[in-house]
Amino acid sequence: MFYVVSYDISDDRVRYKVAKVLKAYGVRVQKSVFECPDLTEKRFLKMKDRLEALIDFTTDSVRYYRQCRGCLAECEVSGAGELPATTKFSVV
């Protein structure tokens with residue numbers, strides 16, 4: 380599944396650690412937004428657990444947006460940037 384993950388973290392050190400975790404799962408498309416393609420449920424839950432271990436639940440937030448292939452096909456970009464990469468494959 381494809382996820383868009385955004386965050387609002389108040390502490391610089393924690394924000395850096397959150398970005399580092401997300402870089403292992405996806406690609407940064409804006410300062411606090413990552414696209415994470417092809418995550419299995421298991422990998423998503425592991426990523427979420429790692430992030431939740433870092434953040435302060437009283438001041439920080441992380442949002443996870445699950446995107447289906449149909450939604451990705453409807454994605455539009457204005458200005459600089461590229462559309463999300465979707466993996467195309469054939470079963471032989």
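If you're matching positions, the sequence shown starts at 380 in the numbering used here and goes up one per residue. For each residue, glycine too, the CB sits at the ideal point set by N, CA and C. All values reported here derive from a predicted model rather than from experimental measurement.
Asked	Found
Integer Cβ distance of Val393 from Val412, believed to fall under 8 Å	With a Cβ gap of about 17 Å, Val393 and Val412 do not count as contacting.
Rounded straight-line distance, which links the Cα of Val406 to that of Asp387	17 Å
Buried versus exposed call for Cys415 [16 or more other C-beta atoms within 10 Å across all chains shown]	buried
Same chain, Cβ closer than 6 Å to Asp491, neighbours up to 5 away in sequence not counted	This structure leaves residue 491 out entirely; the chain is present only between 380 and 471.
Rounded straight-line distance, which links the Cα of Ser457 to that of Lys410	16 Å
Check whether Ser389 and Asp439 have beta carbons under 8 Å apart	yes
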